[in-house]
Amino acid sequence: MMTEIPSMEMPEWIRNPGEFDIRNILQDSLCYLASGLHGHFVKCYMGNAYSFVYIDYYISREDLLQDMAEYGFTGYRPILHETIDPYRLHPGGWDALIWYYRDDDPR
Numbered sequence: 001m002m003t004e005i006p007s008m009e010m011p012e013w014i015r016n017p018g019e020f021d022i023r024n025i026l027q028d029s030l031c032y033l034a035s036g037l038h039g040h041f042v043k044c045y046m047g048n049a050y051s052f053v054y055i056d057y058y059i060s061r062e063d064l065l066q067d068m069a070e071y072g073f074t075g076y077r078p079i080l081h082e083t084i085d086p087y088r089l090h091p092g093g094w095d096a097l098i099w100y101y102r103d104d105d106p107r
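Using the numbering used here, you'd call the opening residue of the sequence shown number 1 and step up by one each time.
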């Protein structure tokens, strides 16, 4: 059992920011899905992750930015705010990912 999260080196795209490349960001970041407006995972991984990707359908960008401005993001500073079209993450659309949860699922 792992008792300590291993630390990682700062990714190159943070040390020398250039053009936005979603593949680098998704590879080297902690993706925080359906996170609401709390920073539980940030608190748990602070110091072991250099970047966090916030993903939540129910929280608007404006609400997130207001919450960050009001409460901060202790130990971190935003280097990029990017709204990403869901089709850029999954070109087939989200329906292609959830078909098996429907009531008519034969399983």
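Each residue gets a CB set at the ideal place from its N, CA and C atoms; glycine is no exception. Every value quoted in this text rests on a predicted model; they were computed, and no experiment measured them.
- Pairing Tyr50 with Ile84 gives a Cβ-Cβ distance that is not under 8 angstroms.
- Secondary structure of Met46 (DSSP, three-state): strand.
- About 7 angstroms separates the Cβ atoms of Asn48 and Met8, confirming a contact at the 8 angstroms cut-off.
- Per DSSP, Ile55 is not a residue of any alpha helix (DSSP H); the beta strand (DSSP E) it occupies stretches across 52-55.
- DSSP, read as helix, strand or coil, puts Leu64 in helix.
- Taking the CA atoms as reference points, Ser60 sits about 33 angstroms from Pro6.
- In the structure shown, Tyr58 adopts coil according to DSSP, grouped into three states.
- Going by C-alpha positions, Cys31 is about 22 angstroms away from Glu70.
- Shown here, Tyr87 sits in a helix according to DSSP, grouped into three states.
- Taking C-beta atoms under 8 angstroms as the contact rule, Val53 and Ile25 qualify, at a distance of about 6 angstroms.
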